[in-house]
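A quick write-up on the structure given underneath.
Here you go:
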């Protein structure tokens with residue numbers, strides 16, 4: 368093999384010119400041979416502006432369940448406040464009554480009022496009372512009122528028929544019957 372000189376004829380042994388090599392190696396590159404010129408091009412086809420549409424669609428797809436989850440957790444938190452307040456007030460009202468039947472009726476009314484204040488219906492609530500000892504209004508006896516509440520899923524039509532609920536909540540409160548009335 369002989370060394371090639373600039374004035375040597377181009378034959379099978381002579382190297383190809385620099386221009387011919389650049390067109391064979393990288394036909395899509397810019398005049399500098401770098402990729403900067405190819406990256407600087409802006410697409411003008413049907414893909415232009417689709418990122419905004421995709422972002423809007425995906426944000427709605429992800430945000431709607433997140434907002435629904437937050438609303439449901441708010442309903443459960445409000446329900447827990449409601450049952451705690453209802454049980455406490457019902458126990459206090461029960462021990463202030465003159466007889467056990469009047470105490471139970473007053474306790475149920477107190478529960479309904481407390482739940483209505485928090486936006487829950489009476490159909491979703493249940494009240495249980497227990498006394499220790501058996502005589503509920505004897506001095507020193509403990510009256511325990513337990514309130515159970517079923518919290519429905521928000522914004523679900525026909526939730527009564529479908530029996531869908533976000534959760535079951537309950538709270539108890541105990542009051543002692545005083546010696547002096």
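Residue numbers (our numbering): 368 to 548. Don't be surprised by glycine CBs; every beta carbon is placed ideally from N, CA and C.
If you follow the alpha helix (DSSP H) that residue i is part of, which residue opens it and which one closes it?
{"i": "residue 596", "result": "Here the chain has residues from 368 to 548 only, and residue 596 is not among them."}
{"i": "residue 521", "result": "Neither: residue 521 is in no alpha helix (DSSP H) and is coded neither H nor E."}
{"i": "residue 544", "result": "Premise fails: residue 544 is in no alpha helix (DSSP H) and is neither H nor E."}
{"i": "residue 478", "result": "467-484"}
My understanding is that residue i touches residue j, with C-beta atoms under 8 Å, so please give their C-beta distance in whole angstroms.
{"i": "residue 542", "j": "residue 514", "result": "Incorrect: roughly 14 Å between the Cβ atoms, too far for contact."}
{"i": "residue 453", "j": "residue 478", "result": "4 Å"}
{"i": "residue 449", "j": "residue 481", "result": "6 Å"}
{"i": "residue 516", "j": "residue 529", "result": "About 18 Å; that fails the 8 Å criterion."}
{"i": "residue 518", "j": "residue 443", "result": "6 Å"}
{"i": "residue 494", "j": "residue 474", "result": "6 Å"}
Is residue i helix, strand or coil by DSSP?
{"i": "residue 533", "result": "strand"}
{"i": "residue 451", "result": "helix"}
{"i": "residue 512", "result": "strand"}
Straight-line CA distance for residue i to residue j?
{"i": "residue 522", "j": "residue 465", "result": "43 Å"}
{"i": "residue 512", "j": "residue 532", "result": "23 Å"}
{"i": "residue 456", "j": "residue 508", "result": "17 Å"}
{"i": "residue 437", "j": "residue 520", "result": "12 Å"}
{"i": "residue 430", "j": "residue 423", "result": "10 Å"}
{"i": "residue 427", "j": "residue 492", "result": "35 Å"}
{"i": "residue 415", "j": "residue 421", "result": "12 Å"}
Ends of the beta strand (DSSP E) at residue i?
{"i": "residue 414", "result": "No beta strand (DSSP E) holds residue 414; DSSP gives it neither H nor E."}
{"i": "residue 612", "result": "Because the chain is modelled from 368 through 548, residue 612 falls outside the range shown and cannot be assessed."}
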